[in-house]
Amino acid sequence: MAKRSPNLDRLYTLLLFIVLEIVALMMISNDSFFQQVKIGGVYMGIRGSFSKAGSEMKYFVNLKKVNEELNSENEALLAEIERYKRYVEITDTTDTTGTSFVPAAVDSVKPQFTYISAKIVSNGTNKKHNFIIIDKGRENGVEEDMGVVSPNGVVGVVSSVSDNYAYVISMLNVNQSVSAKIGKSGAFGPLIWDGKRADYALLTEIPQHIRFAVGDTVYTSGFSTLFPENIPIGTIRKSKIIKGTHHEIKVKLFEEFRTLKFVRVVENHDKNEIKGISNPDESKDK
Amino acid sequence: MNPKINNTVLFFSFLLAQMLISNFVDFGPMLFIAIYPLFIITLPTSISLVSVLLWGFAMGFSIDILYSGVAGMNTAAAVMLAFLREPVLMLFMRKGEVDSQIRPGMAEMGFSRFLVYSAISLLIFLVTFIFIESLSITYFIGNLPRLAVSFTVNMLLLLLLEFGIFYKNWR
Numbered sequence: 001m002a003k004r005s006p007n008l009d010r011l012y013t014l015l016l017f018i019v020l021e022i023v024a025l026m027m028i029s030n031d032s033f034f035q036q037v038k039i040g041g042v043y044m045g046i047r048g049s050f051s052k053a054g055s056e057m058k059y060f061v062n063l064k065k066v067n068e069e070l071n072s073e074n075e076a077l078l079a080e081i082e083r084y085k086r087y088v089e090i091t092d093t094t095d096t097t098g099t100s101f102v103p104a105a106v107d108s109v110k111p112q113f114t115y116i117s118a119k120i121v122s123n124g125t126n127k128k129h130n131f132i133i134i135d136k137g138r139e140n141g142v143e144e145d146m147g148v149v150s151p152n153g154v155v156g157v158v159s160s161v162s163d164n165y166a167y168v169i170s171m172l173n174v175n176q177s178v179s180a181k182i183g184k185s186g187a188f189g190p191l192i193w194d195g196k197r198a199d200y201a202l203l204t205e206i207p208q209h210i211r212f213a214v215g216d217t218v219y220t221s222g223f224s225t226l227f228p229e230n231i232p233i234g235t236i237r238k239s240k241i242i243k244g245t246h247h248e249i250k251v252k253l254f255e256e257f258r259t260l261k262f263v264r265v266v267e268n269h270d271k272n273e274i275k276g277i278s279n280p281d282e283s284k285d286k
Numbered sequence: 001m002n003p004k005i006n007n008t009v010l011f012f013s014f015l016l017a018q019m020l021i022s023n024f025v026d027f028g029p030m031l032f033i034a035i036y037p038l039f040i041i042t043l044p045t046s047i048s049l050v051s052v053l054l055w056g057f058a059m060g061f062s063i064d065i066l067y068s069g070v071a072g073m074n075t076a077a078a079v080m081l082a083f084l085r086e087p088v089l090m091l092f093m094r095k096g097e098v099d100s101q102i103r104p105g106m107a108e109m110g111f112s113r114f115l116v117y118s119a120i121s122l123l124i125f126l127v128t129f130i131f132i133e134s135l136s137i138t139y140f141i142g143n144l145p146r147l148a149v150s151f152t153v154n155m156l157l158l159l160l161l162e163f164g165i166f167y168k169n170w171r
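For the record, the sequence lines run as chains A and S.
In this text, residue positions in the first sequence follow the working numbering: the first is 1, and each later residue adds one.
In this text, residue positions in the second sequence follow the working numbering: the first is 1, and each later residue adds one.
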C-alpha cells in the first residue's frame, strides 16, 4: 500500500482541529440551546447522580441556618401583615362621611408581583459564569426572563425553562447585571459582578456628585421589569472614581450564594403592559 | 492491557473525578481546578493526532454538557491542548521514543522533562480557557491573577496525581 504523504495527514488534522474548535465556539454562542439540553429530562437524570448527593449534604449541614432564615422571614411577613391590618383599621375609622378613600376588599386587589417558591437543584459559585438550576419549570408558571430573588436579595434571572426545571443565570455571572440604587440618594446604575469574590459586586455608573457613605444599603431600583422595587441587595464598602466621571462602588452582598437553598421566582403581571408602552412597534409585531 | 480499553477506562475515571471536583470543591471564582488535561497530555504517543484531537474533544464536550456553565469552553480549551500536544511533546522526546508506545508520563520521561512538558501544556490549556472565558484581551490582563493561581494549584495537583497514581503502576 502506498504511504500517504505526511503533509496530507497534517492537513487533515489541521482541518479536524479547525472544525472541532468551531464546534466549540458555536456551542458557546448557542448557549441557550445547551441550557435547554441541560434541563431536559434525560440530562437531569444523569446530572442528578452527580449533584444530588452534594446538594443534599450541603442542605443538611445548613439546615439550622435555613431554619433561622425562614424564621426571620416569617417574622418580617407577620409584621407586615400587622401593618396592613392596622392600615385597614385606620382607613375604616376615618371613613365617616363615605367620601374618603375606601380600601377595596383584599381579595379583589391584584398585586403586580407574585412569587413562585422553588428549591435549588444545582448551584455554582466557583466560575466566572455561574448558573443555578431550580426545580420549578413551565408547568409551574415559570417563564424566561423572570427575576429570581431570595429573602436576602437578588439571585438571578431565568434564562431557559423546561417542563419541570429552569436554568437561572446567577447574579454571580459576569454577563449579568441588575439595576440597583443607593437607598438614601436614589441614584441608580447597573450592579455587575466582577468575577473575583462570591460575596462582592460592583455598582457602576453612579454620577460623581452623588454623596453616599460606607454602610449605606443598596436596593433594587425597580426600573427593570424583572424585580420589584426596594429589595435590599447589600451594603456599600468602598468606592473609586472611574475616568473622573462616575463612581464604581464595591457592594457587600447580603446574599450568601454558597448556602442558598430556597429562592422565589418573581412573576410580574404588568410586564407585557410595560413592554408595550416602551416598545409600541415591537409589541405590534408580536 | 489493550491500550484502547485502557484509554476508555482512564477517560471515564478522569471524567468522574473532574465532575466530583467541580461539584464538591469550591474555592471561589479565582481558582479553576481542572485535572482532565493530565488525561490528554499523557495519551500514548503511538496514537494518531486525529485520535488525540477526538479524545480531547470528547473529554471537553462531556464535561461541558455534564457541568453547569457556559457550554463549549472546556471543549475549546481541550481541543486546543490536544492539537498543540504533539509539537510540545516533540521538544522533549528523544529520538525513537515517539514511535514506541510510551505514555509520556513521569516514569517514562523523568521528573524534570515531564515537569516542563506538563507545565507548558497546562499553560496552553489555561490560557485558552481563560481567554475564551472573557473573550477579550483587556479582561485577559485583568485575569492574570486568576491564571497564576489556577496554574500553580493545577500544576501541583497534576504532579501529585501523576506521581501518586501513575508513576509506580506503570513502571
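For glycine and all other residues, C-beta sits at the position ideal for the given N, C-alpha and C.
Predicted model only: the values in this text are computed from it and were never measured.
{"Query": "Check whether the Cβ of L158/S lies closer than 8 Å to any Cβ atom in chain A.", "Result": "no"}
{"Query": "For T128/S, which residues in the same chain have their Cβ closer than 8 Å to its Cβ, ignoring the five residues on either side in sequence?", "Result": "A76, A77, M80 and L81"}
{"Query": "Thinking F254/A and I233/A are a contact (beta carbons under 8 Å), I'd like their distance in whole angstroms, please.", "Result": "7 Å"}
{"Query": "Find out if the Cβ-Cβ distance for the pair P29/S, N126/A is shorter than 8 Å.", "Result": "yes"}
{"Query": "Between the C-alpha atoms of S185/A and F60/A, what's the straight-line distance to the nearest angstrom?", "Result": "41 Å"}
{"Query": "Which same chain residues end up closer than 6 Å to R258/A when comparing Cβ atoms and leaving out the 5 residues on each side of it in sequence?", "Result": "T125"}
{"Query": "Closer than 8 Å, CB to CB, is F34/A near chain S or not?", "Result": "yes"}
{"Query": "In chain A, which residues lie with their C-beta within 8 Å of the C-beta of P44/S?", "Result": "Residues of chain A passing the Cβ test: none, with the nearest at roughly 17 Å."}
{"Query": "Is L31/S helix, strand or coil by DSSP?", "Result": "coil"}
{"Query": "Could you have a look at G153/A and say whether DSSP puts it in helix, strand or coil?", "Result": "strand"}
{"Query": "Apart from the five residues on each side of it in sequence, which residues of its chain come closer than 6 Å, Cβ to Cβ, to V214/A?", "Result": "I236"}
{"Query": "Just to confirm the assignment, what range does the beta strand (DSSP E) spanning S122/A have?", "Result": "F113 to N123"}
{"Query": "What do you get for T114/A, buried or exposed, if any count of 16 or more other CB atoms within 10 angstroms of its CB means buried?", "Result": "exposed"}
{"Query": "Provide the residue(s) that pair with V178/A in DSSP beta bridges, ordered along the chain.", "Result": "L191/A"}
{"Query": "Under 7 Å Cβ to Cβ from I116/A, same chain only, skipping five residues before and after it: list those, please.", "Result": "K136, N140, G141, V142, R264, V265 and E267"}
{"Query": "Figure out for me which residue from A107/S, E133/S, A119/S and N74/S has the closest Cα to the Cα of L15/S.", "Result": "N74/S"}
{"Query": "Could you pull out every residue in the same chain whose Cβ sits closer than 7 Å to the Cβ of K240/A, ignoring the five residues on either side in sequence?", "Result": "E248"}
{"Query": "Just list the residues that DSSP pairs Y67/S with in beta bridges.", "Result": "Paired residues: none, contrary to the question."}
{"Query": "Reducing DSSP to helix, strand and coil, say where G60/S ends up.", "Result": "helix"}
{"Query": "Closer than 9 Å by beta-carbon distance: list the chain S residues that pair up with T133/A, in chain order.", "Result": "Before going on, a small fix: residue 133/A reads as Ile here, not Thr. Neighbours of I133/A on chain S, chain order: S68."}
{"Query": "On the DSSP bridge assignment, give the partners of A79/A in chain order.", "Result": "According to DSSP, A79/A bridges with nothing at all."}
{"Query": "Can you find a CB in chain S that lies within less than 8 Å of the CB of A201/A?", "Result": "no"}
{"Query": "CA-CA distance, H246/A and I132/S?", "Result": "29 Å"}
{"Query": "Taking C-beta pairs closer than 7 Å, name the residues in chain A that E133/S reaches, listed in chain order.", "Result": "K128"}
{"Query": "Check the C-beta distance from L202/A over to K250/A and give it rounded, since I have them as a contact under 8 Å.", "Result": "6 Å"}
{"Query": "Assuming E144/A and S160/A make a contact with CB atoms under 8 Å, what is their CB distance in whole Å?", "Result": "6 Å"}
{"Query": "If you follow the alpha helix (DSSP H) that G276/A is in, where does it begin and where does it stop?", "Result": "K271 to S278"}
{"Query": "With H, G and I counted as helix, E and B as strand and the rest as coil, what does DSSP make of P232/A?", "Result": "strand"}
{"Query": "I need the boundaries of the alpha helix (DSSP H) containing S112/S, first residue and last residue.", "Result": "F111 to S134"}
{"Query": "Would F61/S and F17/A be called neighbours here (beta carbons separated by less than 8 Å)?", "Result": "no"}
{"Query": "Closest Cβ-Cβ distance between P37/S and chain A: below 8 Å?", "Result": "no"}
{"Query": "With 7 Å as the C-beta to C-beta threshold (strictly closer), list the residues of the region 81-92 of chain S near chain A in chain order.", "Result": "F83"}
{"Query": "Which residues of the region 19-38 of chain S have a Cβ closer than 9 Å to any Cβ of chain A? Give them in chain order.", "Result": "M19, L20, S22, N23, F24, V25, D26, F27, G28, P29, M30, L31, F32 and I33"}
{"Query": "Between G124/A and chain S, is any beta-carbon pair separated by less than 8 Å?", "Result": "yes"}
{"Query": "Pick out whichever of K238/A, E80/A, V37/A and Q112/A has its Cα sitting closest to the Cα of D64/S.", "Result": "V37/A"}
{"Query": "Show which residues of chain S have a CB atom less than 7 Å away from the CB atom of L16/A.", "Result": "V50 and L53"}
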